[in-house]
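A short write-up of the structure that comes next.
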Amino acid sequence: MSQKHTVISPANIAFVKYWGARDLERAIPVQPSISMTLRNAVSHTTVEASDASGPDEVLVAAEDGTLAPAPPAFQERILPHLERLRQRAGSTAALKVATRNSFPSAAGIASSASGFSALTLATAGALGLHLEPREASVLARLSGSGSASRSVMGGYVEWPVASHGEESDEAAAAQIADAGHWQLADVIVLVETGPKDVSSLGGHRRATTSPHFARRQELLPGRLEAVRDAIRRRDLDALGPVVEEEAVELHLITMSSKPPIFYWQPATLAVMEAVRRLREEGLSAWYTMDAGANVHVICEETAAAAVASELRGVPGVRGILPDGVGAGPRVSDEDLF
Ligand code: DP6
Numbered sequence: 000m001s002q003k004h005t006v007i008s009p010a011n012i013a014f015v016k017y018w019g020a021r022d023l024e025r026a027i028p029v030q031p032s033i034s035m036t037l038r039n040a041v042s043h044t045t046v047e048a049s050d051a052s053g054p055d056e057v058l059v060a061a062e063d064g065t066l067a068p069a070p071p072a073f074q075e076r077i078l079p080h081l082e083r084l085r086q087r088a089g090s091t092a093a094l095k096v097a098t099r100n101s102f103p104s105a106a107g108i109a110s111s112a113s114g115f116s117a118l119t120l121a122t123a124g125a126l127g128l129h130l131e132p133r134e135a136s137v138l139a140r141l142s143g144s145g146s147a148s149r150s151v152m153g154g155y156v157e158w159p160v161a162s163h164g165e166e167s168d169e170a171a172a173a174q175i176a177d178a179g180h181w182q183l184a185d186v187i188v189l190v191e192t193g194p195k196d197v198s199s200l201g202g203h204r205r206a207t208t209s210p211h212f213a214r215r216q217e218l219l220p221g222r223l224e225a226v227r228d229a230i231r232r233r234d235l236d237a238l239g240p241v242v243e244e245e246a247v248e249l250h251l252i253t254m255s256s257k258p259p260i261f262y263w264q265p266a267t268l269a270v271m272e273a274v275r276r277l278r279e280e281g282l283s284a285w286y287t288m289d290a291g292a293n294v295h296v297i298c299e300e301t302a303a304a305a306v307a308s309e310l311r312g313v314p315g316v317r318g319i320l321p322d323g324v325g326a327g328p329r330v331s332d333e334d335l336f
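Counting from 0, one number per residue, gives the positions in the sequence shown under numbering that gives the first Met the number 0.
Following this line, the structure appears as structure tokens:
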């Protein structure tokens, strides 16, 4: 007997970043982070649980639908997570996984957030495990991708929330507001599409070696409150400056870690400059970047087309992925095998 389950899960863009962990293995952050769950940048994952004996199988689907074994480094991250979920379900089933992303992987578009969110939910489904959102968030986090714990929920999400035990294994995300609360767009500006040199994991590990890390911790509580408040009031002109400050500070820390990590490309700075120009022309648009060179430009949905057409022309820009706030993961009947 076998059971197949497919889930499509979105990536998210952090307004207040997770950077630096108390416990990196279990992805327990030093402080909370807040993100917006996206709609179009998704991971699509099918998991089949079967009685057949044999090792688990992890496949990557190409754009034309053909399946190939996942690279070893990718398998190394996924297989322990499958084992964890199997144990949690009290199962001995062999698992077959196929996955694909709608966007370039490992380029600062949180592929592991959407990937581990989709993997956790699809595996749970295939194993007959019913997960409440809070439990799904904890399990997704235990994959090692902290940001995955935010992608299991739609809208505007904070992780971890104090009532869920900020420092414990139970550190889970909670929704601040659903997607319908505020139609924000994320115009994703691609300036590089290859994998980044240093993973987020490597970055978290080095974060505390930056002389700016400690100061950031003092600033974060006020910033988190400002972002929660701006989301509640749908006030983009209050949210935007904090989001930009956060993005720059994340990169200030990466660039001053030992050894330093430089994620930005010249085109990253050119896009930042173009966004500032758009504001001078009266458009409320604000940039942020995760651990990569690509730029996410946050604006009202009604301004997204104008922002995209302006930024498409910036030298070094390789493409635009229009995105925006989304409702979170969904079960799909489009199985990948
Ligand atoms: C800069 O450890 O969750 O995106 O596994 O690569 O998604 P990935 O990284 P993770 O760290 C996320 C770092 C960040 C900020 C954020 O999303 O909060």
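Idealized CB from N, CA, C, for every residue including glycine.
Within 8 Å, strictly: CB atoms of residue i and residue j
i: Ala326; j: Gly124; result: no
i: Val151; j: Pro28; result: no
i: Lys3; j: Asp334; result: yes
i: Arg233; j: Trp181; result: yes
i: Val190; j: Val294; result: yes
i: Leu130; j: Leu141; result: no
i: Ala67; j: Leu58; result: yes
i: Leu323; j: Asp185; result: According to the sequence provided, residue 323 is Gly. The question's Leu does not apply to it. Cβ distance < 8 Å, so Gly323 and Asp185 count as in contact.
i: Ile175; j: Arg133; result: no
i: Thr98; j: Ala60; result: yes
i: Ala172; j: Ser110; result: no
i: Leu310; j: Trp18; result: no
i: Ile33; j: Ala13; result: yes
i: Gln264; j: Ala292; result: yes
Opening and closing residue of the beta strand (DSSP E) in which residue i lies
i: Val296; result: 294 to 299
i: Glu157; result: 155 to 158
i: Ala173; result: 173 to 176
i: Pro321; result: 318 to 323
i: Ser331; result: 329 to 331
i: Ala284; result: 284 to 287
i: Ala97; result: 93 to 100
Endpoints, alpha helix (DSSP H) assigned at residue i
i: Ile77; result: 71 to 88
i: Met254; result: 235 to 254
i: Asp228; result: 212 to 232
i: Leu120; result: 110 to 125
i: Leu268; result: 265 to 279
i: Ala304; result: 303 to 310
i: Ser198; result: No alpha helix (DSSP H) holds Ser198; DSSP gives it neither H nor E.
i: Ala135; result: 132 to 140
i: Ala184; result: Looking at the DSSP string, Ala184 is not in any alpha helix (DSSP H); the run it does join, the beta strand (DSSP E), is 183 to 189.
Own chain, CB closer than 6 Å to residue i, minus 5 neighbours either side, in chain order
i: Leu219; result: Gln30
i: Leu238; result: Ala229
i: Arg204; result: none
i: Ala302; result: Leu282
Residues of its chain near residue i, where Cβ-Cβ distance is below 8 Å and the 5 sequence neighbours each way are ignored
i: Leu200; result: Leu23, Gly143
i: Pro314; result: Ala266, Ala269
i: Leu183; result: Met35, Leu235, Ile297, Cys298, Glu299, Glu300, Gly323, Val324
Own chain partners of residue i with C-beta closer than 7 Å, once the 5 adjacent residues on each side are dropped
i: Ile7; result: Val41, His43, Ala117, Pro328, Arg329, Ser331
i: Gln216; result: Val29, Gln30
i: Ala305; result: Leu282
i: Leu251; result: His211
i: Lys16; result: Ser32, Glu245, Leu249
i: Ala307; result: Val186, Ile319, Pro321
**Message:** Which residues neighbour the ligand DP6 when neighbourhood means a C-beta less than 5 Å away from any of its non-hydrogen atoms? List them by chain order.
**Reply:** Ala13, Lys16, Tyr17, Ser32, Ala109, Ser111, Ala112, Ser144, Gly145, Ser146, Ser199, Asp289, Ala290
**Request:** Ignoring anything shorter than 3 residues or poking outside the stretch 5 to 70, list the beta strand (DSSP E) runs there in chain order.
**Result:** 20 to 22, 32 to 49, 56 to 60, 66 to 68
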